[in-house]
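Quick note: to get the numbering used here, add 91 to the position in the sequence shown (first position is 1). Remarks on the structure that follows.
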Amino acid sequence: MIPSPTHTSNQDDIDKAFLTDVELAERWRMSPKTLRNLRVQGGHVPFIRIGRLVRYPR
92 MIPSPTHTSN QDDIDKAFLT DVELAERWRM SPKTLRNLRV QGGHVPFIRI GRLVRYPR
């Protein structure tokens with residue numbers, strides 16, 4: 092039986108290249124909700140979607 096990896100190297104690459112909304116909000120010193128609102132309202136916050144996830148470039 093082959094063990095299934097719980098955390099792939101592909102996921103590691105994504106984690107290194109992109110920030111979550113909480114991480115970026117901390118960096119920009121604002122709440123995650125404010126950051127999400129800026130994104131939705133077209134506040135020029137660069138982001139990508141990975142499936143249902145939203146990530147921000149570092």
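Beta carbons: idealized from backbone N, C-alpha and C, even for Gly. For clarity, every value in this text was computed on a predicted model and none was experimentally measured.
Between residue 149 and residue 109, the alpha-carbon positions lie close to 5 Å from each other. Here the alpha carbons of residue 129 and residue 138 stand approximately 11 Å from one another. Contact between residue 126 and residue 136 is confirmed by a C-beta separation of about 7 Å, below the 8 Å threshold. Boundaries of the beta strand (DSSP E) around residue 148: 144-148.
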